[in-house]
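**Student:** Here it is, the structure in full.
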Amino acid sequence: MKDVTPQTVYLKDYRVPDFLIDNTDLVFDLREEHCRVTSSLRIRRNPDSATQLAPLVLDGGCAVDLQWVEIDGRRLGSDGYARSENSLTIAELPDSCVVTTEVLIKPHLNTSMMGLYRSRTLYCTQCEAEGFRDITFYLDRPDVMSEFTAKLIADRQRYPVLLSNGNAIDQGTMEDGRHFVVWHDPFKKPAYLFALVAGDLSSVEDSFVTLSGREIKLQIFVEEKDLNKCDHAMLSLKNAMRWDEQTYGREYDLGRFMIVAVDDFNMGAMENKGLNIFNTSAVLANPDTTTDAAFQRVEGIVAHEYFHNWSGNRVTCRDWFQLSLKEGFTVYRDAQFSADMNSAVVKRIEDVVYLRTHQFAEDAGPMSHPVQPDSYMEINNFYTLTVYEKGAEVVAMIHNLLGDKTFRQGSDLYFSRHDGQAVTIEEFVSAMEAVSGLDLQQFRLWYKQSGTPVVEVQSNYDAQAKTYQLQFKQSCPDTPGQTHKKPFLIPIKLGLVAADGQDLPLNSHGDRSLVISLTEQTQTVLFENIQQAPVPSLLRGFSAPVRLNYPYSSAQLAHLMANDSDGFNRWDAGQTLSFSVMQRLIEEALDQRELEVSSQLIEVFDGLLSDHSLDPAMLNLMLQLPSEAQLHERADIIHVQAIHRARQFARRSIAQALQSKLLETYKRLTEQRDYAPVADQIGRRALRNSVLGYLMLLEEIGPELAWQQFNSATNMADKAAALNALVNCAAAQDYAQQALQAFEQQYAQETLAMNLWLQIQATNSQPNGLDRIKALMEHSAFSINNPNKVRSLMGAFCSSNPINFHNPEGSGYQFLQQQIIQLNALNPQVAARLVTALTRWKKFPEPNRQLMRDALQLIASKQDLVKDLREIVSKSL
Ligand code: BES
Ligand code: ZN
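Count along the sequence shown from 1, then add 113; that gives the number in this note's numbering.
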């Protein structure tokens, strides 16, 4: 685990494996003090390997305690193999044979949550990306695909449920009274998709009949107390299965599909073949304990992991540089699904906000890398927003360039060409090229070049000639290891909006919206027969992951907000307007001038609140000022206090000016119906709770309203929003204390609700935030061993409470640095995710800049830093 000089792995060094493993037979003898793993690998030399004399080198982590090795049943002496820290080498082998090893591992001592570990009373596994090597010796790389059989043996009382991938083919009792189950997975798979679970679990069962008429058994395994929280995940699963048949023609392949919920998990969930393992936070949902956002997250993650069965499992990655092949494509698929299940434009806006806030920041920071990276030290550090979200945007661009029908042909071709194979991103793009006849050569740069492209646009209307000209200029900033980038192929969807709000015809076909492909550094587009100077509506639907700048006047933005036929751009025009208002306020705050909000913004918000025809979910999004995180991303230098003050001031001004309309909106949206986590209700609640957020800035109104809402709420969405409002309001601190106590009493037994309770307090922007965090770390609801709790408390504090975390004394940084050192020894992945809060130190003014850097340097000076941290810290210093 610990590495003094971590090795860098390069894409250009890829070689096919020297050996293949046709069959993998595993026996897990699970005991309290250890697990004995016997593995029999039917191997043969890979005919495609250039090194036919190469020894067999199996991966195996240092905690794998080798007992013995046999070749075709013959025990090897200690001179027959060599064990190094991370591998087992066997020099002399027949070209095909069975290699059997027996090892001991200690799941109860495994705190990293990779490999085989314990979560409360369960045994479970997490093998992606390179966790299988911590279970037994193996060719732990995704291009080695094998047919797995696993026999699980354990005590029947403690572990009545024994699960692995595929089908249960045998079960029974051992001589000593313990029981066993044998699982066989008929589909070849890489080791990262292996899973096992053992424990005392209850299950909810359902079934699904596929398009071809096969009945699939669906099971969700949870602790008995959580049986009442499985319905939403089950419904989401069935919807996802149907949707993938209808949209991509993909049918499920095994006779059963299982989901297991575990409390201790580094990520959201994992797509192990036929046996998905989920963080409880990504599967359990119930109106009493779960917010609307969490309901939607469950739907999205269940679908995502299910979709991997084709995009990831049936067709997998050749190596980890191809990660976006499965993740980018699958995020794209789950986004399409969520758009279809809910509101497409709302989903699009949420995803773009996320991308712009977090992926753009990553792309501009020290860890910037392309969607297909060309090197890494620790692969776990590359499960990033770039690989996932930007990767999904790249697939979306391909879809838009090809159109619906051709894109579907392309995905069909990709799946049929490569079913059962481990392939590269190149294969995906080639399939899309083959069906469309398009040349995607330049387009491939999206996978290779890092950084966020910038597109500057200028316009010129010639009233005499009745022509309208748009000039585009693209560039991409230098990023680590990459300078002087080539121009991208950037699809810009656009329209021209007339004074009456209509889209003008753009060509002789009468198209009113077009996609222009920018391919050059500068490019001009001329529209003819344009009878009046229009307002350009650019990058509709966010047709490419770029920053686009056009010198809009406020009046033009207001015109787009009111009229643009593209819902995304109606919203985005409002964002551009709010952003420029915020920019001015931040400057005023920095210059110690008096702050003043432009009356134009107030008028726009007034108009929005008066227009009852607007969809509440959309209205809610339009009423959001850019978040502090987003303002940080857009700033050259991050002045935390000025940004916080400016934004609070703008919000208060809006609340004061529009008090009665806000109050009227709040009352109008009171829900009469029974709670349901459906788009229309979620939109109404989101709007009502945003309005409550504004009203909290009016001391005479807000606190009472939030207190009432807290006490009368019939669901967690409204309850948590009220609690959050009270906690963040200086004038409501008495109520806030009472509400926190009441919440704690009510939900003491509900782990996920208590995580929310921690998170709401962690993001409280009132003064002395760090003291509250330190006190909460002593609370019984917190444990540093549980990743969800670390994220809820430390993670939320460092990433979503800037005014406290970035306090000018640097105590926030010092605190984080101490936590990271502690987590270094416990859980490298969690530690590495937390450290991001320090890596963008160059964007902060003094004294923060130096203080952040000091904290990073202290971490860097640690001797036994895991390579996850070593990589990020060294790249950002
Ligand atoms: N394959 C990943 C889970 C994973 C990530 C395992 C990193 C090991 C290392 C899974 O499909 C995934 O992407 N999960 C996401 C949720 C998804 C909706 C984006 C997660 O866990 O956050
Ligand atoms: Zn995934």
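Note that the Cβ used here is the ideal one computed from N, Cα and C, for glycine as well. Just so you know, these numbers come straight off a predicted model, no measurement behind them.
Pop quiz: residue 570 and residue 584 are said to be a contact at Cβ under 8 Å. What is the actual Cβ separation, rounded to whole angstroms?
**Tutor:** Indeed, because the Cβ distance is near 7 Å, the residues count as touching under 8 Å.
**Student:** Taking 7 Å as the limit between beta carbons, can you name the residues of its chain near residue 826, skipping five residues before and five after?
**Tutor:** Within the same chain, residue 826 has close Cβ partners 832, 835.
**Student:** I'd like to confirm something about residue 497: is its beta-carbon nearer than 7 Å to some heavy atom of the ligand ZN, or not?
**Tutor:** No, the ligand ZN has no heavy atom inside 7 Å of this Cβ.
**Student:** Should residue 443 be counted as a contact of the ligand ZN given a C-beta to heavy atom distance under 7 Å?
**Tutor:** Checking the Cβ of residue 443 against the ligand ZN gives yes.
**Student:** For the ligand ZN, I want to know if residue 421 counts as a neighbour, meaning its beta carbon is within less than 7 Å of at least one of the ligand's heavy atoms.
**Tutor:** True, at least one ligand heavy atom lies under 7 Å from that Cβ.
**Student:** In whole angstroms, what is the alpha-carbon distance linking residue 652 and residue 451?
**Tutor:** If I take the Cα positions, the gap works out to 22 Å.
**Student:** Find the nearest neighbour of residue 250 within the set 449, 538, 657, 175, judged by alpha-carbon distance.
**Tutor:** Of the candidates 449, 538, 657, 175, the one whose C-alpha sits nearest the C-alpha of residue 250 is 175.
**Student:** Alpha carbon to alpha carbon, how far is residue 168 from residue 206? Give it in angstroms, no decimals.
**Tutor:** Spanning the two alpha carbons is a distance of roughly 8 Å.
**Student:** What number of angstroms, rounded off, separates the C-alpha of residue 357 from the C-alpha of residue 351?
**Tutor:** So the alpha carbons of these two residues sit roughly 10 Å apart.
**Student:** Are residue 929 and residue 950 closer than 8 Å when you measure CB to CB?
**Tutor:** Yes; because the gap between Cβ atoms is below 8 Å, this pair is in contact.
**Student:** How many whole angstroms separate the CB atoms of residue 424 and residue 484, which I take to be in contact at a CB cut-off of 8 Å?
**Tutor:** Actually they are not in contact, since the Cβ atoms of residue 424 and residue 484 sit about 15 Å apart, beyond 8 Å.
**Student:** So which of 553, 744, 500 has the shortest CA-CA distance to residue 515?
**Tutor:** Residue 553 is the option with its Cα nearest to residue 515.
**Student:** Quick check on DSSP: helix, strand or coil for residue 586?
**Tutor:** Residue 586 falls in the strand class under three-state DSSP.
**Student:** Which word fits residue 608, buried or exposed, when buried means at least 16 other C-beta atoms lie within 10 angstroms of its C-beta?
**Tutor:** Answer is buried; the Cβ neighbour count reaches 16.
**Student:** Which of the three DSSP states is assigned to residue 400 in this structure?
**Tutor:** Residue state, collapsed to three classes: coil.
**Student:** Which value, in whole angstroms, describes the spacing of the CA atoms of residue 676 and residue 311?
**Tutor:** Cα to Cα, the separation comes out at about 57 Å.
**Student:** Please confirm whether any heavy atom of the ligand BES lies closer than 7 Å to the CB of residue 493.
**Tutor:** Residue 493 Cβ: within cutoff of the ligand BES.
**Student:** Less than 8 Å between the CB atoms is what I'm expecting for residue 294 and residue 331, so what's the real figure, rounded?
**Tutor:** Not confirmed; about 19 Å, so no contact.
**Student:** Determine contact between the region 235-253 and the region 133-150, defined as no fewer than three beta-carbon pairs at a distance below 8 Å.
**Tutor:** Taking 8 Å as the limit for Cβ pairs, the verdict is that the region 133-150 does touch the region 235-253.
**Student:** Is it true that the CB of residue 742 sits closer than 8 Å to the CB of residue 695?
**Tutor:** Against a cut-off of 8 Å, the Cβ pair of residue 742 and residue 695 comes out as no contact.
**Student:** Please go through the region 249-329 and give each complete beta strand (DSSP E) segment of 3 or more residues, from N-terminal end onward.
**Tutor:** Runs found: 259-267, 274-277, 280-286, 292-302, 309-312, 315-322.
**Student:** Among the residues of its own chain, which have a CB less than 8 Å from the CB of residue 421, if the five just before and after it don't count?
**Tutor:** Once the five neighbours on either side are set aside, the close Cβ partners of residue 421 are 384, 439, 443.
**Student:** When you compare only the Cα positions, how much space is there between residue 870 and residue 907?
**Tutor:** If I take the Cα positions, the gap works out to 13 Å.
**Student:** Can we count residue 243 as close to the ligand BES, meaning its CB is less than 7 Å from some heavy atom?
**Tutor:** No; taking the cut-off as 7 Å, the Cβ of residue 243 has no heavy atom of the ligand BES nearer than that.
**Student:** So is the beta-carbon of residue 414 under 7 Å away from any non-hydrogen atom of the ligand BES?
**Tutor:** Yes, Cβ of residue 414 sits closer than 7 Å to a heavy atom of the ligand BES.
**Student:** Residue 767 lies in the alpha helix (DSSP H); which residues open and close that run?
**Tutor:** It spans 753-770 - the alpha helix (DSSP H) in which residue 767 sits, taken as one unbroken run.
**Student:** Name the DSSP bridge partner or partners of residue 552?
**Tutor:** Paired residue(s): none; residue 552 is not in a bridge.
**Student:** In whole angstroms, give me the CA-to-CA distance for residue 786 and residue 805.
**Tutor:** C-alpha separation (whole angstroms): 20 Å.
**Student:** Throw me the rounded Cβ distance for the residue 960 and residue 915 pair, which I believe falls under 8 Å.
**Tutor:** The pair is not a contact, with the Cβ atoms about 15 Å apart (cut-off 8 Å).
**Student:** Report the rounded CA-to-CA distance for residue 841 versus residue 858, giving the unit in angstroms.
**Tutor:** In a straight line, the C-alpha of residue 841 is about 21 Å away from that of residue 858.
**Student:** Within 10 angstroms of its Cβ, does residue 642 collect 16 or more other Cβ (buried), or is it exposed?
**Tutor:** Classification for residue 642: exposed.
**Student:** If you draw a straight line from the C-alpha of residue 305 to the C-alpha of residue 808, how long is it?
**Tutor:** Approximately 50 Å between the Cα atoms of the pair.
**Student:** Contact between the region 516-523 and the region 461-471: three or more CB pairs below 8 Å?
**Tutor:** Result no; under three Cβ-Cβ pairs closer than 8 Å.
**Student:** How is residue 343 classed by DSSP in three states: helix, strand or coil?
**Tutor:** It is coil, neither helix nor strand.
**Student:** Taking only heavy atoms of the ligand ZN into account, decide whether any of them is closer than 7 Å to the Cβ of residue 297.
**Tutor:** Flag unset: Cβ of residue 297 not near the ligand ZN.
**Student:** Go ahead and pull the three-state DSSP assignment for residue 943.
**Tutor:** The answer is helix: DSSP assigns residue 943 an H, G or I state.
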